């Protein structure tokens with residue numbers, strides 16, 4: 013909710029998105045650096061055996077056994093239509109709490125590598141540039157300029173939100 | 329009784345005590361119901377009256393502790409009557425038994441509504457019903473004692489002389505009951521229990537993963553192996569004991585049925601005698617919760633449709649009183665619940681005519697007796713000539729079947745015209761674990777519940793029937809089964825393409841069957857069932873996930889969903 017407000021305020025013309033700052037876990041996908049709010053992150057695990065589930069979109073890799081809990085795993089590369097890449101020893105699964113109202117679920121997100129936990133102040137966050145009214149920016153919390161690089165801050169609930177009903181689309 | 333708000337103050341102030349009171353009262357009222365039905369069968373048994381008295385007394389006492397005077401007063405009134413009966417001064421006739429049952433009903437209602445009322449919501453106004461019942465008690469007491477004053481005097485004397493011995497007995501009783509309670513039971517929140525069971529499940533899996541670790545399998549260290557075996561033994565004992573904690577006897581459900589049968593037999597004026605067997609059979613708490621409604625429905629059906637009127641029965645040379653039997657027992661890792669009547673049996677001709685009229689069976693289709701019997705489980709099917717309050721609305725056996733399917737159980741019918749019908753419900757001992765067969769397709773593992781599997785074999789090439797070049801049927805002993813190539817349907821890379829090189833598993837669901845083509849069978853395994861979560865709820869053919877011995881997840885196949893997929897595959901071939 014806060015995140016949505018922040019984005020809304022940002023596009024309303026303020027220089028940055030107030031309230032979006034905080035701790036972010038950053039990770040890489042190809043040459044790009046992304047960040048997700050640390051509060052959402054439960055843990056980071058190595059890639060383990062993933063059991064494929066039929067009839068789901070490509071970017072849903074399947075399910076894993078996280079200490080007795082069955083959780084779905086999403087490949088963020090495929091989700092963002094980036095070229096596929098073999099898993100390396102740096103490939104990680106970020107286990108995050110995702111709010112797919114009305115339910116909250118734990119999900120695993122496969123990323124190329126995890127970088128660091130960043131403290132991002134409100135002032136570091138730029139509003140998302142206007143790409144000409146396309147919906148793609150809906151799931152961004154903003155862009156953070158830190159140490160000369162740009163981190164793309166993701167609103168996980170929105171990135172993965174549409175996957176809440178993936179089954180209905182898949183069949 | 330004047331101010332119901334005040335009397336609920338203590339109740340509202342201590343939610344824990346209040347919850348305990350409600351749970352306790354439900355137990356006691358259940359006992360009372362069961363006892364009174366026994367008393368109805370053998371009215372002269374004074375120990376039964378005593379058994380009746382005690383729970384009433386406890387409910388009264390507990391209500392008193394919480395200051396719920398309306399319940400206390402009401403229970404006290406009944407106790408007075410039972411006290412007289414216990415002392416042999418008042419016979420327990422049909423009127424008394426009716427009265428006790430009505431009292432139980434009213435108390436149930438009042439107690440059920442307590443939390444809502446304590447929260448400030450208005451409850452049902454029962455004052456009229458209560459007054460009526462209390463007056464009735466007075467009438468019965470007065471009626472039992474002959475009017476002349478001398479006996480009135482003895483009655484009064486009896487009342488006054490009673491307290492000392494009665495009180496001492498009560499005290500002793502209560503003390504014993506309390507001691508028993510303290511020793512044998514602790515009330516635990518079911519959520520905590522479920523969490524514990526989950527955690528133990530994880531422990532069992534973790535232990536299995538450890539035991540299968542290659543490093544440990546390689547080792548020849550005797551001591552290490554011995555210690556591992558010890559851990560394994562403890563783990564499985566722990567699992568068995570925690571599972572047992574979730575088990576409850578089916579007794580309460582059976583008691584409800586006894587009450588229902590009694591009420592219905594009066595309502596339809598069809599005298600029947602219900603025999604209960606195996607009330608102590610234990611099954612998973614969740615199974616018990618979900619089996620009550622189907623059983624009630626089947627009991628209604630048995631009495632409404634199955635059992636004939638006494639006249640018809642006499643004409644058929646049967647005793648006027650019908651026999652109903654409800655029994656529960658273990659059979660091969662399952663719990664079996666049987667409900668049998670000696671009524672008219674299923675009228676298959678009428679069922680078929682009706683099903684044709686309702687469009688459930690295409691004209692000209694030839695059905696076997698067994699297939700016709702299965703029709704009663706079709707949604708929308710009803711043979712009741714007229715819609716009664718209890719049955720004949722077409723929402724009946726299909727709901728029963730659905731409930732039982734949801735419990736991963738199965739229901740079978742055995743019926744003989746003019747002799748009666750028996751429904752057999754087979755249920756898993758627990759919902760947390762399923763006995764499954766492990767299948768391999770490519771590098772994927774699947775689990776299919778053993779109860780759904782009929783047989784498996786490697787098909788000869790000539791057994792596989794193709795249509796438009798694609799294999800779509802398998803012939804087994806003159807019967808054709810629709811074929812579903814699991815690797816193809818689920819898009820699994822590396823699955824064996826030639827069906828005759830793999831294995832075919834015939835599995836059934838709700839009377840239909842499908843042949844699954846898989847690579848091979850890996851063996852039998854008990855698996856802990858885990859839901860896949862909301863995200864995958866519309867995935868067809870998959871019922872959940874199971875954590876396998878190596879820590880990976882195997883998907884549990886859902887036969888019903890697979891059948892639907894087979895239907896779709898067939899229509900695609902045809903198109």
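Residue numbers (the working numbering), protein chains in the order written: chain A, 13 to 183; chain B, 329 to 903.
Quick reminder that beta carbons are idealized off the backbone N, C-alpha and C, glycines included.
Keep in mind it's a predicted model, so treat the numbers as computed, not measured.
Minimum Cβ-Cβ distance from residue i to chain B less than 9 Å
{"i": "residue 87/A", "result": "no"}
{"i": "residue 111/A", "result": "no"}
{"i": "residue 131/A", "result": "no"}
{"i": "residue 79/A", "result": "yes"}
{"i": "residue 38/A", "result": "no"}
{"i": "residue 169/A", "result": "no"}
{"i": "residue 68/A", "result": "yes"}
{"i": "residue 140/A", "result": "no"}
{"i": "residue 63/A", "result": "yes"}
{"i": "residue 49/A", "result": "no"}
{"i": "residue 84/A", "result": "yes"}
Cβ neighbour criterion (16 or more within 10 Å) applied to residue i
{"i": "residue 562/B", "result": "exposed"}
{"i": "residue 139/A", "result": "buried"}
{"i": "residue 361/B", "result": "buried"}
{"i": "residue 725/B", "result": "buried"}
{"i": "residue 696/B", "result": "exposed"}
{"i": "residue 41/A", "result": "buried"}
{"i": "residue 108/A", "result": "buried"}
{"i": "residue 129/A", "result": "exposed"}
{"i": "residue 636/B", "result": "buried"}
{"i": "residue 657/B", "result": "exposed"}
{"i": "residue 410/B", "result": "buried"}
{"i": "residue 808/B", "result": "exposed"}
Short CB-CB distance (under 9 Å) between residue i and chain A
{"i": "residue 574/B", "result": "no"}
{"i": "residue 571/B", "result": "no"}
{"i": "residue 795/B", "result": "no"}
{"i": "residue 818/B", "result": "yes"}
{"i": "residue 530/B", "result": "yes"}
{"i": "residue 882/B", "result": "yes"}
{"i": "residue 886/B", "result": "no"}
{"i": "residue 932/B", "result": "Because residue 932/B is not part of the residues shown, which for chain B are 329 to 903, the question remains open."}
{"i": "residue 534/B", "result": "yes"}
{"i": "residue 526/B", "result": "yes"}
{"i": "residue 991/B", "result": "Outside the displayed range of chain B (329 to 903) lies residue 991/B, so it cannot be described from this structure."}
{"i": "residue 867/B", "result": "yes"}
{"i": "residue 495/B", "result": "For residue 495/B, the pLDDT reaches just 39, beneath the cut-off of 50, and the residue's location in the model is therefore unreliable, although a value from the coordinates is still provided. Not closer than 9 Å to any Cβ of chain A, the Cβ of residue 495/B fails to qualify, so no."}
Candidates the options: closest to residue i by CA position
{"i": "residue 513/B", "options": "424/B, 576/B, 655/B", "result": "576/B"}
{"i": "residue 861/B", "options": "102/A, 153/A, 87/A, 116/A", "result": "116/A"}
{"i": "residue 339/B", "options": "429/B, 424/B, 445/B", "result": "445/B"}
{"i": "residue 369/B", "options": "389/B, 411/B, 420/B", "result": "420/B"}
{"i": "residue 113/A", "options": "598/B, 863/B, 829/B", "result": "863/B"}
{"i": "residue 405/B", "options": "533/B, 451/B, 394/B, 459/B", "result": "459/B"}
{"i": "residue 467/B", "options": "625/B, 654/B, 423/B, 355/B", "result": "423/B"}
{"i": "residue 536/B", "options": "595/B, 610/B, 878/B", "result": "878/B"}
{"i": "residue 365/B", "options": "356/B, 376/B, 355/B", "result": "376/B"}
{"i": "residue 704/B", "options": "734/B, 736/B, 742/B, 670/B", "result": "742/B"}
{"i": "residue 141/A", "options": "135/A, 152/A, 37/A", "result": "152/A"}
{"i": "residue 777/B", "options": "771/B, 770/B, 766/B", "result": "766/B"}
{"i": "residue 665/B", "options": "615/B, 341/B, 675/B", "result": "615/B"}
{"i": "residue 104/A", "options": "39/A, 33/A, 170/A, 35/A", "result": "39/A"}
{"i": "residue 634/B", "options": "596/B, 612/B, 617/B, 610/B", "result": "596/B"}
{"i": "residue 394/B", "options": "403/B, 797/B, 349/B", "result": "349/B"}
{"i": "residue 373/B", "options": "384/B, 400/B, 418/B", "result": "418/B"}
{"i": "residue 630/B", "options": "606/B, 611/B, 674/B", "result": "674/B"}
* Three CB pairs or more closer than 8 Å across the region 883-891 of chain B and the region 837-853 of chain B -> yes
* **4-residue-minimum alpha helix (DSSP H) runs that sit fully inside the region 368-451 of chain B, ordered along the chain** => 374-394, 397-414, 422-446
* To do: Inspect the CB distances between the region 815-823 of chain B and the region 783-790 of chain B and report whether three or more fall short of 8 Å.
  => no
* In the region 831-865 of chain B, which residues sit with their C-beta less than 9 Å from some C-beta in chain D, listed in chain order? -> Structure shown: chain D not included; protein chains present are A and B.
* Specify whether the region 588-599 of chain B and the region 685-696 of chain B touch according to this definition: at least 3 beta carbon pairs, one from each stretch, less than 8 Å apart. => no
* State whether the region 61-70 of chain A contacts the region 154-162 of chain A, with contact taken as three or more CB pairs (one from each stretch) at a distance under 8 Å. => no
* Asked: Which residue spans inside the region 566-614 of chain B form an unbroken alpha helix (DSSP H) run of at least 4?
  -> 579-595
* Is it true that the region 651-665 of chain B meets the region 593-613 of chain B, where meeting means three or more beta-carbon pairs spaced less than 8 Å apart? -> yes
* Asked: Taking three-plus beta-carbon pairs below 8 Å as touching, is the region 566-581 of chain B in contact with the region 515-531 of chain B?
  -> yes
* Could you say if the region 745-758 of chain B and the region 667-676 of chain B meet the contact criterion of at least three C-beta pairs nearer than 8 Å? => yes
* At a cut of 8 Å, does the region 553-560 of chain B reach the region 537-544 of chain B through at least three beta carbon pairs? -> yes
* Stretch-stretch touch, CB-based, cutoff 8 Å, three pairs: the region 728-745 of chain B with the region 622-630 of chain B -> yes
* Asked: Could you give the uninterrupted runs of the beta strand (DSSP E) lying entirely in the region 649-736 of chain B, keeping only those of 3 residues or more?
  -> 650-659, 662-669
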